[in-house]
Structures are given as C-alpha cells and as structure tokens.
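Residue numbers (our numbering), protein chains in the order written: chain Z, 6 to 350; chain Y, 764 to 1392. Glycine residues also receive a C-beta, built at the ideal position from the N, C-alpha and C atoms. This report concerns only the one structure given below.
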Ligand code: HEM
Ligand SMILES: [Cu+2]
Ligand SMILES: [Cu+2]
C-alpha cells in the first residue's frame, strides 16, 4: 500500500517537474532571454539572498532565545563553570564574525548584481588587507587558546591527594562501579580474573587493598570534594560522559584513564533548583560500542559529605557478599579477609 | 623542457588521425581519455551519493519518528526490521557507518577529486591527457572494484561494517562485539584497500601531470586556483593515504592472524578472556586520524578551488588575493598533517599532547579565515551573475563559515570535553566538510557541464535545486547545534534512555522531514543532469565568458583536447574587467602584446619576452609542418 502511494507520489512529482521545465524553456526561447548574459532570474536570486539572510537570521535568533533554557544543561561541577564560560566567550566572538560575514556574503550579491552598464572593479590584491586579516584572527584565536589551555591544564592536572576514588569499568552494555573502601586504595585487577558470576571487574583479591573494595549500582559521590574517576573498559572502547558534570573520558581496554572533578550541587539541591523531583545526574556512553551503545545508563547520586561517609561505611565489600572469593588465598591474607568480613557482620 | 613538450605534442598529433577507430569499449569503458574517466568518476559518484543519501534517510526515519511502523521497508531490509516494525539497533549502526564511509570516500573524495582533477587538470593546464592514461584508467577501475565490494557488503547476512566510519578497534576487530565486524568488516577493509590504491594512482598522476605537462607559458604562478587545489589535494592524499593503509593492515593482522597491535586485556562475555596483551586502541586512532584529518581537506580543497574559479568568473572580477589564496592553501596542506589529535582530546592520550594539538589546530583556522575574507572581497564591487554554479559557490562559502567557526569551539580542548562525540560535532563537520564539499561538487558540475557534454543544464531548474538544497541543508544541520549543546551523543539509536536527552523529539522530527525534502530535491538535479546531457540547449564555446584554457577547446574535444597545437599561455587566469580592455574578460591565450590598451606597467615589460616566445613558437610550427609533409 505504502509502496503504491510512494510510487504515485514520485510519478506525480516527476511529471510536475517535467511540465514546469518544458513550459519555462519554451517561454525563455520565445522571449529570447536565453541569449542574454544575465536573465531576469538574476534579480530574483539576488533578492532571495536578502530574504534568506533576514528570514534565516530571524529564525535563528528567535529559536536560540526561546529555547535557551532547554538546550543549556544545568551545571554541577567546578571546572564546568570554567569551560561553560569559555564556550560562551567563544560563542560571542564567533557569533559576531558569523553575523558580519553573513551579512556581507548575502548583501553583496544583492548590491552588486549584474548590470550591463557597470563594470566590476579590477581589484586583484591588497597586501595590507591580507596582513590585517591574518593578524587579527591570529590574535583573537591566540586569546581564545590561552584561555582554553589554562583551563585544560587545570582540569587534566593530577587529582588532589584526598580525592574520593571511584572506578568505572565499561562493558557491553553497562558500567560496573567499584569503590576502594575505607583505605581509599583500589585493589589490583587483572582481566583474566573476570568472572561474570561474582567478579565482574576482575579484582585481584590477593592484593590486600582489594579486601575492602565494594561495588555499587549507583555512583555515589560527595558534593564539594574532589572525586577521581578511574576509568577502564573490558571489551571495546566506551566513553564516560556525565553531561551535567561537563565530564567526558574514553574507557580503553588495556589503558586505564582518569578524570577528576568537584561536584557543586547535590542531587537534592539540583532537584529543588530545577523544580523536578525526578531529576538525576546521568552517565552516558559516547564512544560507539555496539548494539546497546545508546543505553549504557548509570545514575550519579551527589550527596553531602556526611551522607557520603555514612553511605560508604554501610557498604559491604565483595568478599563479605561472596566469601568464596577469598577461599584460595594465602593464610595470611585469609586472616585479613576474615577480619574484614567479621567487621561487616 | 621545451623540446620535450614539442616532441610529445607532435607524437600526439599523430595519434589523432586514428581516433575514429575507437570502439564502444575503449571509448566508454576502458578508456584512457581523462575527460571520459572524469565523467566515469562523476556518474559513479552520483550513484553513490544516492545510496549514501538514501541510507541517511533510513536512519533519520528512526531518529525523527522512533515509533513509526517500518514494516513497509521489510521488502527491502528483510530481517533488519523486526516483527514490531522496528529497525534493528545493529543495523542502525551499520547504516551510519556505511553512510559515513560512502559519503566521505566514495562521493566527496572519488566523486569530487576524481571527477574534476581528471577532467580539468589537462584541460586547464593545456595538456593532451594525463601523464599516464593507463594508470588513470586503473585508478577508476580500482575505485569501481572497491565500490562493488562495498556494495556487496550491504547485503551480507550479518550486515556491513558497523563500527562507525572510523572503525575503531577493538569493536571493529571483534566479531563477537558486533555482527558487522565479521564479514562486513572484512569487505570494508578490502574495499578500502582498493580505494587507497585508486587514490594513490590518481594522485601520482595528477601531481606529475601538473608538474610536467603544463603548456608553454603556464607557469605555476599562472595556474588557475582549481589546479592549485587539485595539486595540493593530491599531495595530501599521497602522504596520508598510505598511513590509512598501514592502520588497516595492522587491523587485518589483529583480526585474522592473532596479533595484538590494537588489542589488549579483553574479556568477552560468555567467552572469557582473550590472550591479546600489550596492544593499544589509541595507536589505531593516531594512525587513522593521521589520514582522517588531512582527508577532510582532501575533500574540501578541490571544492574551494572550484569555488574560487566560479566566483571569479561570475563576479567578472579577478579572485582577490591570488597569491594569498595559494599561500593559505599551502598553509592548510602543511598544517593539516599536524592537527590530527584534536579528534582525540578525550581518548585518554597524554593531556600535554592535547595542549600542543589545541595550539596547532587553531593555527589552521587562520588560513581558512583568510580564504573566506578573500571570497568576500572578490564579491565586493563585482558584477555578479547568478548562474547555478555561482549560487552553489556562494552557498559553499556560507557553509564554510558556519562550519569553520564551530571548529574553533571543538579545537579548544577544554570546550571539546563537553562537545566531543555529540551532535555539535555532527553539525560542524556536515556543514564544513559534507555540505561545503557537496556544494563545490555541484558548482563544478553546473559550471563545467557545457564542457563535459557540449550542452547547457537548465538554469532555472538549477536555481530551484539550489534554493531547496541550500535552505534544506541549513534546516537539517543548524538545529543539530542545539541538541549538541544539550549533550545528545552521536551514533545513538534512540534518545529516550536518558532524561537529559529525552527532549527535542519535535526538533528531531523536524530535521528528519527537512532531510527527506532535501534528499527529494536532488532528483531535480538528476533529471536536469541526465536530460540536459541529451536534450539540453547546445552550449556555445565559452558560455560563461571565462578566461581559462578549457574553453578554447572545440565543443566536443576529442582525445587530445585541441585539434591543432596546444595554445600557449600569456597571462594569469583572472583578467576579468581589466581597465581599458574591450571585453570584460581576456582569455589566458591572448598575448600581452595584443592588449596594450589594458596592460599594467609590469606587464608592458613582459611584452618583449613574450615576443621571443611567439617567434620560437613560429619556428616550431614550421619545423613540424616540414616534418609531416
Ligand atoms: C576552522 C578550522 C577547523 C577546526 C578548528 C576544526 C576542528 C575540529 C575538531 C577539534 C574536531 C573534533 C571534534 C570532536 O570530535 O570532538 C573536528 C571534527 C571534524 N571536523 Fe573539523 N575543524 C576545522 C575545519 C574542518 C574542515 C575544513 C573540515 C572538512 C573539510 C572538517 C571536518 C571535520 C570532520 C569530518 C570531523 C568529525 C570527525 C569524526 O569524529 O567523525 N573540519 N573538527
Ligand atoms: Cu559503550
Ligand atoms: Cu580534524
């Protein structure tokens, strides 16, 4: 049915094009306008450029202003304020250039449309102008780059010592979250130890730092304190994207990466600010990774530092949930493990 | 040099007499005439543009109308539409991948460079043909084979490659990770190998032709900007495509021979740990983008060259800043090799590298800006004739500005953290690379159609085609900036999984509708193109009253281009509206000594030199005649 309708539509369209085409060729032959250098269409095209400029410009301003709150995401990290600022400065600078160049680009065609009585100005070069419009953009770009460079250096500087560490491991198609426990040191891992029943991230429990490591279905982090995401992947590339945190970093199999930041608003605070009780910070995957690429959602809960401490203390390490994990350890480690387990009973 | 070219001229003249004996196969299929090869590239490019465009309509349907029942596509797509009428997510990725690969390589590299470098280089520099007609033929047929293989891959049971047009491993290396990484990816790699071979054969030819076969008087400083652009494009291709080949080769090893160049520490669900260790997926990204970034200029420079030519001709004015244009193209050529890692700011590479590449990237914006200002100044106080070619050229400048400016955001690593791999990037490169180059291609077709087929395309259909496409492209790609700023990631099958990306369903629908209309508008062009080929108005010899050499050939130039001697060149290609001249253009073949009324002071001095050349020319003519008799 659809197929038939489409075929009819296409045929219809083609025949209209055909008719318009035949008629106007005949008309132009009769009028002899096919002999002229510039036909009357020249004027129409010139005017259309102006129409396009005005209509397009109006549409752009109208939509950009009307939708402003919808396309600017709420912000919840310290460095994000800096990068947002850079973004809007760049927007202002490039916006001005965009508008001026487009006014010229569409106004000139109107102003200088063909006229038999006029000749164009023979104006092959002007080195002074060339130098000016090499140096001015260079200077402006240099300013923009220096701002970006400063921000980039701060953002990518080593994380502060006291950062809360969270490990995010991407796999098809979800994120596995691991916390270092009370010692704030993540235990070693090895991809050969991965076991989908009880050791998703391949934690190596023969490292004593791993004994208090625990997993969480949600990324809990404290507001106002530096948080270090240690990022890795176990099958293909993924990328951690936390849009409200202005955070993005690829997850690479075989090469751990990192990104640290300081959240500025708890989930609760943001809910109040937005007047939306359902709001949650989200993590998405932004490196194509297969069928479920669009659905690797993870929630981030930003809480106050006190709540965070409390939450952390309540979490049960892997080995408490699964004592089998430490069965084969050396006697020494087994003792340590037993202590950890009994502490959490 | 002089004697060599004389010898080759007369040898070619000789061939001429036998030209009539060409049969269908040597004339249209295994031809070594650069003009026919150019047309072969063009028609093949158009074919691929239709396929690539159609694929994008399919995935735009999914994005714009996620709830739509697509059962009516079942006859075409079979199992890729499930029983509920939904597109399969794996196939969605395959569509995106094939769309990107086809558009970037088959349409905008082969379709653009292949067509116009082939068609125009010999005609505009005054040569009988390419340096090696045979290699040129191979170049087309390798491209053709590449296309056949890629086409076959569309119909594989497991679908074509699906890892994005950049085919990053490990995804592209592991069949277990996505079905497209099986046979589909194998065929992708084979097709690209042929494609690279084709590009290299073509590129070597373009370079050697431009260097060696210029007619008398055609110094580098008298080359039309089109030729400069094709020449530099070929240089970029020659230096960067081999690196893509290396990247692909290592990927083949990883896929088929158990090596670990890109693979390390991988665990496959349900299968267990793989033995590979020590490889680096980031290595692949470096190698890929070492081609990938230059590639964007391979695609863009020819379009800019065409635009320069078309704008100058139809403004009846010299291109403003001829030297500055060449210098900026040279700058872009060199710089395009040192900015690749701006695609990898958040790939996990050393952040210090990020800083370096941010500086280098913003430097490349400067020559781009210079080019824009020069185009604007060329329009200023011109006497503009809006042929369809001219309209498309102005459109190109607009896209180049819009898309180039967003590059300044993305080149700033701090800002790119948020924007990377969102729709903002999609908007950026579709404007600056996709649409700008596509418009360059269109401008070229409308402008040189009379030379290709001896007939005119219909101008009014051209206007309609232009306005629908120009407005359409903006309606499709401009809104993507908003959803990009809002954080919508690329290559998503659906946006409703997340709260932050669940808005803008209306805008996505709007974009999809605009895309369908824009795609439909291309059929106006198709009709115009094929109809005019046979039934169009007969063209005059120089319909745009242009100065360059190709318009001195007969209406239907034979193999060898000029029936007699190749004309010599006495001036640069932009003598439009020269004060004192009778006409508003002086072809490159008109000696300075014939135009004392319009010569500039320094040109008056060249007149003497020129007289000597003409005298020499005369002697050669006499000598040839006596030889032949
Ligand atoms: C003003 C000069 C330009 C600058 C500063 C610039 C900068 C960038 C940057 C930084 C990216 C990476 C963004 C990201 O993935 O996060 C990018 C992407 C891209 N650019 Fe540009 N660009 C410029 C001009 C061009 C031109 C002239 C072209 C094409 C002819 C082009 C084509 C592309 C393409 C195809 C991509 C996307 C690649 C992908 O990830 O799939 N750019 N550009
Ligand atoms: Cu992923
Ligand atoms: Cu690039």
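Please state if the CB of residue 81(Z) and the CB of residue 301(Z) are separated by a distance shorter than 8 angstroms. no
Could you confirm whether any beta carbon from chain Y is found closer than 8 angstroms to the beta carbon of residue 171(Z)? no
Please identify the residue among 865(Y), 1099(Y), 849(Y) and 1255(Y) whose C-alpha is closest to the C-alpha of residue 856(Y).
1255(Y)
query = Any idea if residue 1079(Y) is buried or exposed, counting beta-carbon neighbours within 10 angstroms, 16 or more meaning buried?
reply = buried
Can you tell me where the alpha helix (DSSP H) holding residue 133(Z) begins and where it ends? 132-161
(message) I want to know whether the region 1193-1211 of chain Y touches the region 1054-1069 of chain Y - three or more CB-CB distances under 8 angstroms.
(response) yes
query: Can you list the residues of chain Z that residue 1260(Y) reaches, using a CB-CB cut of under 7 angstroms?
result: 299, 300 and 302
Is the CB of residue 844(Y) under 8 angstroms away from at least one CB in chain Z? no
Outcome for residue 333(Z) when other beta-carbon atoms lying within 10 angstroms are tallied against a minimum of 16: exposed
* Considering only the beta carbon of each residue, do residue 153(Z) and residue 91(Z) sit closer than 8 angstroms? -> yes
Please name the residue, chosen from 323(Z), 199(Z) and 73(Z), that lies closest to residue 1031(Y) on a Cα-to-Cα basis. 199(Z)
- prompt: Which same chain residues, not among the five before or five after residue 3(Z), have their C-beta less than 6 angstroms away from its C-beta?
  reply: Beyond the ends of chain Z as shown, which are 6 and 350, falls residue 3(Z); an answer cannot be given.
**Prompt:** What does residue 1035(Y) pair with, by DSSP beta-bridge criteria?
**Reply:** 1031(Y)
Are the region 791-805 of chain Y and the region 871-882 of chain Y in contact at 8 angstroms, needing three or more beta carbon pairs? yes
Practice task
Since I believe residue 925(Y) is in contact with residue 941(Y) (beta carbons under 8 angstroms), could you give me their beta-carbon distance rounded to a whole number of angstroms?
Solution key: 5 angstroms
What residues match up with residue 70(Z) in a beta bridge as DSSP calls it?
-> According to DSSP, residue 70(Z) bridges with nothing at all.
* Asked: Should residue 292(Z) be listed as close to ligand 2, given that the test is whether its C-beta is under 7 angstroms from any heavy atom?
  -> yes
Item to check | chain Y residues whose Cβ lies nearer than 7 angstroms to that of residue 119(Z) | outcome: 1146, 1147 and 1148
Any non-hydrogen atom of ligand 3 closer than 7 angstroms to residue 1193(Y) Cβ: no
I'd like to know whether the C-beta atoms of residue 1278(Y) and residue 819(Y) end up nearer to each other than 8 angstroms.
yes
Check your understanding: Between the C-alpha atoms of residue 947(Y) and residue 219(Z), what's the straight-line distance to the nearest angstrom?
Key -> 41 angstroms
**Prompt:** In this structure, what does DSSP give as the bridge partners for residue 263(Z)?
**Reply:** 235(Z)
Can you tell me whether residue 936(Y) is buried or exposed, with buried defined as 16 or more other CB within 10 angstroms of its CB?
-> buried
(request) Using the beta-carbon of each residue, find all residues closer than 6 angstroms to any heavy atom of ligand 3 and list them in chain order. (result) 1056(Y), 1059(Y), 1102(Y), 1105(Y) and 1106(Y)
message: Does any residue of chain C have a CB that is nearer than 8 angstroms to the CB of residue 108(Z)?
response: As a matter of chain content, chain C is missing from the structure shown, whose protein chains are Z and Y.
Worksheet item: Do you know offhand how far residue 963(Y)'s Cα is from residue 1015(Y)'s?
Response: 20 angstroms
Over the uninterrupted beta strand (DSSP E) stretch that includes residue 226(Z), give me the two end residues. 224-227
Quiz item: Which residues share a DSSP beta bridge with residue 75(Z)?
Solution: According to DSSP, which records beta bridges pairwise, residue 75(Z) is partnered with nothing at all.
Considering only heavy atoms of ligand 2, does any lie closer than 7 angstroms to the CB of residue 797(Y)?
no
Query raised in the report: With a Cβ-Cβ cutoff of 8 angstroms, do residue 1067(Y) and residue 1203(Y) count as a contact?
Result: yes
Can you look up residue 1109(Y) in the DSSP assignment and give me helix, strand or coil? coil
*asked:* Can you list, in chain order, the residues of its chain with a C-beta nearer than 7 angstroms to that of residue 848(Y)? Leave out the 5 residues immediately preceding and following it.
replied: 832, 833 and 834
Residue 889(Y) and residue 1330(Y) - do their beta-carbons sit closer together than 8 angstroms? yes
In chain order, which beta strand (DSSP E) runs of at least 3 residues are fully inside the region 1236-1316 of chain Y?
-> none
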